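One structure below.
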Amino acid sequence: MLRFILFTALYMLGTWYAVAFIGGPSQVALYWPSAGLGYAVALRYGWRATGFIPVAVIASHLLFAPVPASFLAFSAASNWLGALAGAWIVHRSPVPPRVSVASGFTLLRGALAMVLVSAAIGSVGLVSSHMISLSAVWPGAFKWAMGNLLGIICVTNTMLLLAAPLSTNPDMPRDDEYTSIKEKGPWLVVLLLSFGIVYLGGLRNSVYALGMVALPMSLLLWSALRFQPMWTMAGTSITVLFLTSLTGLGLAGFKPPANTLDSALLLGFMSLVGTLPLVLVASINEQRIATRKVLRRATTDAATNLPNRAAFEEAVQLALAGKSEGSALAYLDLDHFTLINDTASHAAGDALIHGIGSLLKARLRAGDQVFRIGGDEFALLLSGDVDTMELRLQHLQRAVENYRVGWKNHVLNITVSIGLVNFKAGEIEYARLLSLADAACFTAKELGGNRVVLASLEPGEMHERTQAMHWALRIREAIDGNLFEIDCQSIAPLHDHSVGA
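Just so we're aligned: the sequence shown equals residues 1348 to 1848 in the working numbering.
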């Protein structure tokens, strides 16, 4: 009910404003913003929510826009059925509802259907109610359609964006990817100043005063490049409203259109002013989404949907360059993961990896990050009290140990070896930090796995662990290259002369 009352009030407000463009009861409004509201509601909330349209239309006629009683039904039907026709066209389209060029043209097709239906019904009503003569039906229908179209261009997109639910699309641009309020504030001031320049130009009765429209137009194009779509859409609505008011009402020396040709030129020009920034902002928004999609795919592990090694390296670099007083880096290596692949299958191993990734993500605290950096390796970038980091990871290690994944006839479980390094931003180099975490994880595996090893920042211990890792690699290479020689020696007891082996 609250929504019904709100939409009714807004629709009547738009109607009241449009009535200002009508010099007498037999004329047609030059600008009908209520059409944009009705169209937006039909698109966003469905046909059931559009019942306020005939109520608002009839109430407006009874209160401040008197018309013959025979025209009431035509007026209500033209606005209501037009909105339903436009929404039906849009809902038949497979184009997703987002700020894009394709979606914009879909909305435009629906808008054309709406204005044609509305103008057809409305012009018939004007003639049958003797508000216009039969010879004036085509000019009247044209002004009706163009007034509705201009209202749709100015209002619908803004209303749809305001009423849109929060997007769950990970590729949608974030607010911090746009310019800050430090640029938006001066932009808004300059936009208002441009309105004043256009107004003053009209007061001087210059025939080129309307050329000053290039000032707010250029600012709208600037906002399309730099700001969120809402800024451009709202700015476009306000700009067209201002310019249409000047020309339609004859303010500041501007002359209202005197005939059908003047009306067509004015409405076409205003529609162009309202359309160009919207097309540009839709195109820029598509480019931003495409860029984010490419970046997300380049920095996301496909199997677990976690950030990958590229994202991990960037996050560590940012953490080291920040001002955090307490951070930790942990390397996690699943113990004997190859046994899962060999005994159950690689698909089972993938399922286990996905489950472990979900488990790690679920146990994160605010400010923590988890990454998959290799086949069976994960990394955690933690923030908080460094004195509790080891205890936190011990709880995590036990959670992994107790985790089970059902796979066909198998119940899969695994343990994890964790290497932990506590650090402060600016006090350790990137390469050394990763080496410490890697060496600590290696030590945890060498000690039998399923444990947490806290790395020391002392260079001696780091050197010993690094040497141990190097010897492990050398031994593996020697085994692979058959470089070992087996020698045997007879063992002779000292108390007798027998020889044993």
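A virtual CB, placed ideally from N, CA and C, is assigned to each residue, including glycine.
Keep in mind it's a predicted model, so treat the numbers as computed, not measured.
Beta-bridge pairing of residue i - partner residues as DSSP gives them
| i | result |
| --- | --- |
| Phe1718 | Ala1726 |
| Trp1754 | His1757 |
| Ser1764 | Asp1680 |
| Ala1675 | Leu1729, Asn1769 |
| Pro1849 | What is shown of the chain runs 1348 to 1848, which leaves residue 1849 out entirely. |
| Leu1801 | Leu1767 |
Residue i to residue j span [Cα, whole Å]
| i | j | result |
| --- | --- | --- |
| Gly1472 | Ala1466 | 10 Å |
| Glu1824 | Glu1832 | 14 Å |
| Leu1593 | Met1580 | 20 Å |
| Ser1610 | Leu1590 | 14 Å |
| Ala1662 | Ser1674 | 12 Å |
| Ser1373 | Ala1382 | At Ser1373, the pLDDT of 46 sits below 50, so the modelled position is not reliable; the number obtained from the coordinates is stated separately. If you take the alpha carbons of Ser1373 and Ala1382, they lie about 20 Å apart. |
| Thr1362 | Ser1407 | 7 Å |
| Val1587 | Met1519 | 28 Å |
| Leu1667 | Arg1656 | 16 Å |
| Gln1634 | Val1641 | 11 Å |
| Leu1357 | Leu1598 | 24 Å |
| Val1752 | Arg1456 | 51 Å |
| Gly1370 | Phe1351 | Because the pLDDT at Gly1370 is just 48, under 50, the model does not fix this residue reliably, and the point stays unresolved. |
| Asp1689 | Gly1696 | 9 Å |
| Asp1723 | Thr1526 | 40 Å |
| Ala1848 | Glu1774 | Bear in mind that the predicted position of Ala1848 carries a pLDDT of just 49, short of 50, making it too unreliable to give a figure here. |
| Leu1613 | Arg1643 | 46 Å |
| Pro1604 | Val1620 | 18 Å |
| Glu1793 | Ala1787 | 10 Å |
| Gly1795 | Asp1834 | 29 Å |
| Met1617 | Lys1531 | 24 Å |
| Arg1710 | Val1626 | 44 Å |
| Ile1500 | Leu1349 | 26 Å |
| Trp1578 | Ala1511 | 15 Å |
| Val1474 | Thr1515 | 50 Å |
| Gly1393 | Ile1405 | 21 Å |
| Val1442 | Phe1452 | 10 Å |
| Trp1569 | Leu1508 | 19 Å |
| Gly1487 | Ala1637 | 44 Å |
| Asn1829 | Thr1735 | 46 Å |
Top-ranked residue by Cα proximity to residue i, from the options
| i | options | result |
| --- | --- | --- |
| Asp1715 | Leu1676, Glu1737, Asp1723 | Leu1676 |
| Leu1738 | Thr1638, Ala1668, Arg1798 | Arg1798 |
| Pro1533 | Leu1566, Cys1501, Leu1783 | Leu1566 |
| Phe1418 | Met1478, Met1359, Leu1801, Pro1443 | Met1478 |
| Leu1539 | Glu1524, Ile1585, Gly1385 | Ile1585 |
| Ser1803 | Ile1405, Asn1769, Met1559, Leu1409 | Asn1769 |
| Lys1771 | Glu1793, Ser1730, Ala1787 | Ser1730 |
| Phe1652 | Gly1615, Val1717, Ala1695 | Residue identity check: residue 1652 is Asn in the sequence provided, not Phe. Of the candidates Gly1615, Val1717, Ala1695, the one whose C-alpha sits nearest the C-alpha of Asn1652 is Val1717. |
| Phe1542 | Asp1827, Ala1382, Met1559 | Met1559 |
| Val1502 | Thr1583, Pro1413, Val1437, Gly1615 | Thr1583 |
| Tyr1364 | Pro1443, Leu1353, Leu1377 | Leu1377 |
| Asn1504 | Leu1384, Asp1723, Phe1789 | Leu1384 |
| Asp1732 | Gly1721, Phe1725, Arg1712 | Arg1712 |
| Met1506 | Ser1422, Pro1486, Ala1387 | Ala1387 |
| Leu1623 | Phe1601, Ala1561, Leu1612 | Ala1561 |
| Gln1396 | Thr1607, Lys1529, Gly1621, Phe1354 | According to the sequence provided, residue 1396 is Ala. The question's Gln does not apply to it. Cα-wise, what sits closest to Ala1396 is Phe1354. |
| Ile1468 | Thr1453, Trp1485, Phe1452, Leu1454 | Trp1485 |
| Ala1413 | Ala1434, Trp1394, Val1366 | In the sequence on display, residue 1413 carries Pro and not Ala. The candidate whose alpha carbon is nearest that of Pro1413 is Val1366. |
| Gly1721 | Ala1746, Asp1648, Glu1748, Pro1443 | Asp1648 |
| Gly1549 | Lys1602, Met1564, Leu1509, Gln1575 | Lys1602 |
| Ser1476 | Pro1415, Ala1691, Leu1431 | Pro1415 |
| Ile1544 | Pro1563, Ile1528, Leu1535 | Pro1563 |
| Pro1380 | Met1359, Tyr1546, Gly1393 | Met1359 |
| Gly1595 | Ala1726, Leu1508, Val1747, Leu1497 | Leu1497 |
| Leu1572 | Gly1615, Ala1645, Glu1524, Ile1838 | Glu1524 |
| Leu1728 | Thr1685, Ala1691, Ser1671, Leu1686 | Ser1671 |
heavy atom of the ligand MG below 8 Å from residue i C-beta
| i | result |
| --- | --- |
| Ser1803 | In the structure shown, the ligand MG is absent, as is every other ligand, since no ligand is present at all. |
Any contact of the stretch 1416-1430 with the stretch 1400-1407, i.e. 3+ C-beta pairs under 8 Å? Flag = yes, the stretch 1416-1430 and the stretch 1400-1407 touch.
Is the stretch 1451-1471 touching the stretch 1483-1494, taking contact as three or more C-beta pairs under 8 Å? Output reads yes: the stretch 1483-1494 touches the stretch 1451-1471.
Report yes or no: do the stretch 1630-1637 and the stretch 1441-1455 share at least 3 C-beta pairs separated by less than 8 Å? Counting C-beta pairs closer than 8 Å gives three or more between the stretch 1630-1637 and the stretch 1441-1455, which meets the contact rule.
Specify whether the stretch 1748-1767 and the stretch 1675-1693 touch according to this definition: at least 3 beta carbon pairs, one from each stretch, less than 8 Å apart. Yes, since at least three Cβ pairs between the stretch 1748-1767 and the stretch 1675-1693 fall closer than 8 Å, the two stretches touch.
Taking one C-beta from the stretch 1782-1794 and one from the stretch 1750-1762 each time, how about it: are there three or more such pairs within less than 8 Å? Taking a cut-off of 8 Å on C-beta distances, the stretch 1782-1794 does not touch the stretch 1750-1762, as fewer than three cross pairs fall below it.
What residue ranges within the stretch 1540-1595 form continuous beta strand (DSSP E) runs of no fewer than 3 residues, ordered along the chain? Those beta strand (DSSP E) runs which fall completely within the stretch 1540-1595 and span 3+ residues do not exist here.
Assess, as a yes-or-no matter, whether the stretch 1656-1671 is touched by the stretch 1693-1710 under the definition of 3 or more beta carbon pairs within less than 8 Å. The stretch 1693-1710 vs the stretch 1656-1671: no contact.
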